[in-house]
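*Asks:* First residue of the sequence shown: 232, per the working numbering; consecutive thereafter.
A virtual CB, placed ideally from N, CA and C, is assigned to each residue, including glycine.
These figures come from a predicted structure and were not determined experimentally.
My questions will all concern the structure given below.
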Amino acid sequence: MTANSLNSIPWARTKKFIFLFFFIYFVWHFLFSPDLYVMMFGYNESVFNWFDKFYMPIGLWLNDYILHFAFDKETFQPESVIDFSEHLFFILASLLIASIWFFLDRKRKSYNDLHFWLTILLRLALSIITVGYGIEKLIPVQMPTPNLYQLTNSLGNQKWVTMAITWSRENLSNV
């Protein structure tokens, strides 16, 4: 088969809808989530604050009215509740946008060009994430080795937050 004959093959309706859903989900997730920006440019509190202005009210609303997970609104613990709500919002919004797009663009036979650009976006994003993960493993910033004072002090006297103790334990278990 040649490239021109592949472009002329019409896609099934379910394939078009599933592709539109994943296309919207991945583009939205990579462009409108702070995770990729952190991997590309490093951690920046202002980036997270900018995204939180939009996603925090949506995540809190989803948790209050749909999910009902145990969640402390003062300390935002556990943090995974907001992350889960954010991903649920991405999924629901992607389903809605894909449904509208599918309905408005019924006559299109295939999305080969969008498939090409989605493949490029996924390769680029996964390569950034993979390289960032490798650098984080080479330079232990998230899980630094505890110093002598932290190791000899009683656990009740620690002024660490819970996650700092967890990361220190993780780093020591790798040694």
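Give the range of the alpha helix (DSSP H) segment to which Leu369 is assigned.
*Replies:* What you label residue 369 is simply residue 138 of the sequence shown in a count that begins at 1. It spans Asn343 to Leu369 - the alpha helix (DSSP H) in which Leu369 sits, taken as one unbroken run.
*Asks:* Is the separation between the beta-carbon of Trp348 and that of Leu251 shorter than 7 angstroms?
*Replies:* To locate residue 348, count along the sequence shown from 1; it is residue 117. To locate residue 251, count along the sequence shown from 1; it is residue 20. Result no, Cβ atoms of Trp348 and Leu251 do not sit closer than 7 angstroms.
*Asks:* Name the residue from Ser239, Val269 and Val258 whose alpha carbon lies nearest to the alpha carbon of Tyr364.
*Replies:* Against the sequence shown, residue 364 aligns to sequence position 133. For Tyr364, the nearest C-alpha among the options comes from Val269.
*Asks:* Can you tell me the Cβ-Cβ gap for Ala356 and Leu267, rounded? I've got them flagged as a contact below 8 angstroms.
*Replies:* Counting from one through the sequence shown, the residue named residue 356 turns up at place 125. Counting from one through the sequence shown, the residue named residue 267 turns up at place 36. Ala356 to Leu267, Cβ: 6 angstroms. Contact.
*Asks:* Leaving aside the five residues before and after Tyr256 along the sequence, list all residues of the same chain whose C-beta is less than 8 angstroms from its C-beta, in chain order.
*Replies:* By one-based count along the sequence shown, residue 256 stands at place 25. Here the set comprises Phe321, Ile322 and Ser325.
*Asks:* Give me, in chain order, the residues of the same chain whose beta-carbon lies closer than 7 angstroms to that of Ile328; leave out the 5 immediate sequence neighbours on both sides.
*Replies:* Taking the first residue of the sequence shown as position 1, residue 328 is located at position 97. Closer than 7 angstroms at the Cβ level, and outside the excluded window around Ile328, lie Ile255.
*Asks:* With C-beta atoms as the reference, is Pro265 less than 7 angstroms away from Phe279?
*Replies:* Here residue 265 corresponds to residue number 34 of the sequence shown, with the count starting at 1. Here residue 279 corresponds to residue number 48 of the sequence shown, with the count starting at 1. Result yes, Cβ atoms of Pro265 and Phe279 sit closer than 7 angstroms.
*Asks:* Buried or exposed, going by whether 16 or more other CB atoms sit within 10 Å of the CB of Val362?
*Replies:* Translated into the one-based positions of the sequence shown, residue 362 becomes position 131. Classification of Val362: exposed, given that the 10 Å Cβ count is below 16.
*Asks:* On the DSSP letters alone, give me the boundaries of the alpha helix (DSSP H) that Phe302 sits inside.
*Replies:* Within the sequence shown, the letter at position 71 stands for residue 302. From DSSP, Phe302 is part of no alpha helix (DSSP H); its letter is neither H nor E.
*Asks:* Assuming Tyr342 contacts Trp242 (C-beta within less than 8 angstroms), just tell me the rounded distance between them.
*Replies:* Working through the sequence shown from its first residue, we reach residue 342 at position 111. Working through the sequence shown from its first residue, we reach residue 242 at position 11. Between Trp242 and Tyr342 the Cβ distance is about 7 angstroms, and since that is below 8 angstroms, they are a contact.
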